[in-house]
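Shown next, in structure tokens, is the structure this report addresses.
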Amino acid sequence: MISPDAYKELDGWKIAQPRDGLARGAWWEIFGDRQLNALETRVSISNQNLMVAEAQFRQARALVREARAAYFPTVSLGLGYTRFRNSSTLASRSSSGSSTGTSSVTSGGGGSSAGATSDFQVGLDFSWELDVWGRIRRTVESNRANAQASAGDLESARLSFQAELAQDYFQLRTVDAQKQLLDETVAAFEKFLQLTRDRFASGVASQADVVQAQTQLKTTQAQAIDVGVQRAQLEHAIALLLGEAPSTFTLSAAPLAATPPAIPVGVPSELLERRPDIAAAERRVAVANAQIGVAVAAYYPTVTLNASSGLESSSLAKWFTAASRFWSVGPGISETVFDGGLRGAQTDAARAAYDATVATYRQTVLTSFQGVEDNLAALRILEQENGVQDDAVKAARKSVDLTTSQYKAGTVSYLNVITVQTIALTDEITAIQIRGRRMAAAVLLVQALGGGWTAAELPPSADVTKRDDPAPSAP
0 MISPDAYKEL DGWKIAQPRD GLARGAWWEI FGDRQLNALE TRVSISNQNL MVAEAQFRQA
60 RALVREARAA YFPTVSLGLG YTRFRNSSTL ASRSSSGSST GTSSVTSGGG GSSAGATSDF
120 QVGLDFSWEL DVWGRIRRTV ESNRANAQAS AGDLESARLS FQAELAQDYF QLRTVDAQKQ
180 LLDETVAAFE KFLQLTRDRF ASGVASQADV VQAQTQLKTT QAQAIDVGVQ RAQLEHAIAL
240 LLGEAPSTFT LSAAPLAATP PAIPVGVPSE LLERRPDIAA AERRVAVANA QIGVAVAAYY
300 PTVTLNASSG LESSSLAKWF TAASRFWSVG PGISETVFDG GLRGAQTDAA RAAYDATVAT
360 YRQTVLTSFQ GVEDNLAALR ILEQENGVQD DAVKAARKSV DLTTSQYKAG TVSYLNVITV
420 QTIALTDEIT AIQIRGRRMA AAVLLVQALG GGWTAAELPP SADVTKRDDP APSAP
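Structure follows, in structure tokens:
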């Protein structure tokens, strides 16, 4: 698939060499938050959904060994003992047939037809399907590619959970900053309420001013309490990502102080190597392509080599003598001459599945380009908005100071004070939320860029065949 030469939203961003600036694996370290670093390291250890993805990778790797086992012959050893007796009526018919010139039927093992006979058997069976048309080879190829895709899914899930944790963490810190602002505002409003009461006692202010000050104070106190709901939910979400019960997990309050770091972006072609979901989608194209070969191989005959050898006797004493030996050997060729169009349908289905995986791969690439563009745009626009909003906060604070002085001088009503205080509080909350959105966009941009991962970290074909190969994990 052809990738664009550059991102539309790249103006003002550094063109990076591959992996420059992003910590290898531990990409969250670029935010410089020690508590976030400590939490992120626990995701790969305790997240239960990640354990599901890791188990699925191990399952896919085991299927590679299962398919590869078909390269080799199957050898089975059998040991058996049978005690049997022929029907007496069958023996009578046999004797009657003998008197009229027909062949008689006698019991096996050399025993009498009327008595019980023992049959001791030990044998070795050998069966080997020769991979003349490549059916087994293409099956192994398909399973290997599927195991590599599963490894990509594992790393994609790991990156997703790590990014989700970082977003929840910064959102929680944003809520902490809002709570700190509201608590400080409540303290300021309490002082203003006392000032209004003093002015009322002096006959300068009216009872209405006192009531309005009380209303404003209680409203702000309610806002300060309300943010506790969102904080609790974010804390619970973080606990779940860490594989811990929400009742046992607590994060101390700390207002958001971080700003988005400089994130090197690179060029779109690098994105094809830096995202595990793209690597997984590309491997699934290889899976579907190999399955076409498996379907086509069904048109050709199956060639097998069979052999068996062992010892059989009706007497335990003679079981292991040379006279008890038996053997057989011979190749077998089987070909389906009519199946009602089954193989044709299976081949068409395999080709259609391949076309679907190609389209899915292309869509994954396009979606990844969109993710980078979206978050580049978000960071650019939010940075501009943050600057304007900071100016609005400064202006609102100055307006509060001026209006408060005018109220104390008796030149304006208390309604003017309430209005500018409300505007100032709203502007400050908006400024905090914008900073939180900038941090979330920075996390999403790192995730869209692959989090420092590259396709070179996919396990090679030889590794997914090994039983003792460890599952890939974040450093």
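Its first residue numbered 0, the sequence shown is counted upward by one per residue in numbering that gives the first Met the number 0.
Even glycine gets a Cβ: it sits at the ideal position worked out from N, Cα and C.
Predicted, not measured: the structure shown is a model, and the values here were computed from it.
Taking only three categories from DSSP, how would you classify residue i?
i      : result
ALA115 : strand
GLU272 : helix
THR410 : coil
ILE262 : coil
TRP452 : coil
ARG64  : helix
ASP124 : strand
ALA306 : strand
GLU281 : helix
GLU311 : strand
SER246 : helix
VAL74  : strand
GLY329 : strand
TYR298 : coil
LEU457 : coil
LEU443 : helix
THR81  : strand
Can you tell me whether residue i is buried or exposed? The criterion is at least 16 other CB atoms within 10 Å of its CB, across all chains shown.
i      : result
LYS393 : exposed
ILE291 : buried
GLU269 : buried
SER312 : buried
THR101 : Because THR101 carries a pLDDT of 41, less than 50, the predicted location of this residue cannot be relied on, and no value is offered for it.
GLY151 : buried
GLN383 : exposed
Quick check: what's the CA-CA separation for residue i versus residue j?
i      : j      : result
LYS217 : ALA162 : 37 Å
VAL463 : THR184 : 60 Å
GLY227 : THR173 : 12 Å
PRO300 : LEU444 : 53 Å
SER308 : ARG84  : 26 Å
ALA447 : GLY265 : 12 Å
SER327 : ASP347 : 41 Å
VAL423 : ARG396 : Per the sequence presented here, residue 423 reads as Ala, with Val not at that position. Taking the straight line joining both Cα atoms gives about 6 Å.
GLN420 : SER398 : 8 Å
THR116 : GLY79  : 14 Å
LEU123 : VAL302 : 20 Å
GLY252 : ILE237 : Before going on, a small fix: residue 252 reads as Ala here, not Gly. If I take the Cα positions, the gap works out to 14 Å.
LEU255 : GLU234 : 15 Å
THR418 : LEU192 : 15 Å
THR249 : LEU457 : 36 Å
ALA207 : ALA223 : 24 Å
LEU129 : PHE71  : 9 Å
Can you tell me which of the options puts its alpha carbon nearest to the alpha carbon of residue i?
i      : options                           : result
ALA306 : ARG361, LEU76 and SER251          : LEU76
SER86  : GLY114, VAL74, ALA69 and ILE417   : GLY114
ARG466 : ALA68, LEU192, ALA322 and VAL295  : ALA68
GLY435 : LEU448, TYR353, ALA455 and ALA257 : ALA257
VAL286 : TYR353, ARG273 and VAL209         : TYR353
GLY331 : PRO72, SER126 and VAL51           : SER126
ALA440 : SER460, GLU372, VAL399 and VAL63  : GLU372
ASP389 : PHE169, ASP400 and GLN432         : GLN432
ARG283 : ALA146, PRO254, PHE325 and GLN211 : ALA146
ASP167 : LEU240, GLN58 and THR453          : LEU240
PHE188 : GLN213, ALA322, LEU233 and GLN206 : GLN213
SER460 : GLN34, SER43 and ASN142           : ASN142
PHE368 : ALA200, LEU35 and GLU272          : GLU272
ARG361 : ALA376, GLU281 and ALA66          : GLU281
MET438 : GLY24, TRP132 and GLY31           : GLY31
VAL203 : ALA430, VAL442, ILE135 and SER412 : SER412
LEU49  : LEU378, LEU315 and LEU153         : LEU153
Assuming residue i contacts residue j under a Cβ cut-off of 8 Å, what Cβ separation, rounded to an integer in Å, is found between them?
i      : j      : result
GLY370 : LEU158 : No, GLY370 and LEU158 are not in contact; Cβ-Cβ is about 12 Å, not under 8 Å.
PRO275 : TRP452 : 5 Å
ILE277 : VAL416 : Going by Cβ atoms, the distance from ILE277 to VAL416 rounds to 57 Å, so no, they are not a contact pair.
SER43  : GLY242 : That belief does not hold up - the Cβ atoms of SER43 and GLY242 are roughly 10 Å apart, past 8 Å.
ILE29  : LEU180 : Not really, about 27 Å apart at Cβ, beyond 8 Å.
THR138 : VAL295 : No, THR138 and VAL295 are not in contact; Cβ-Cβ is about 12 Å, not under 8 Å.
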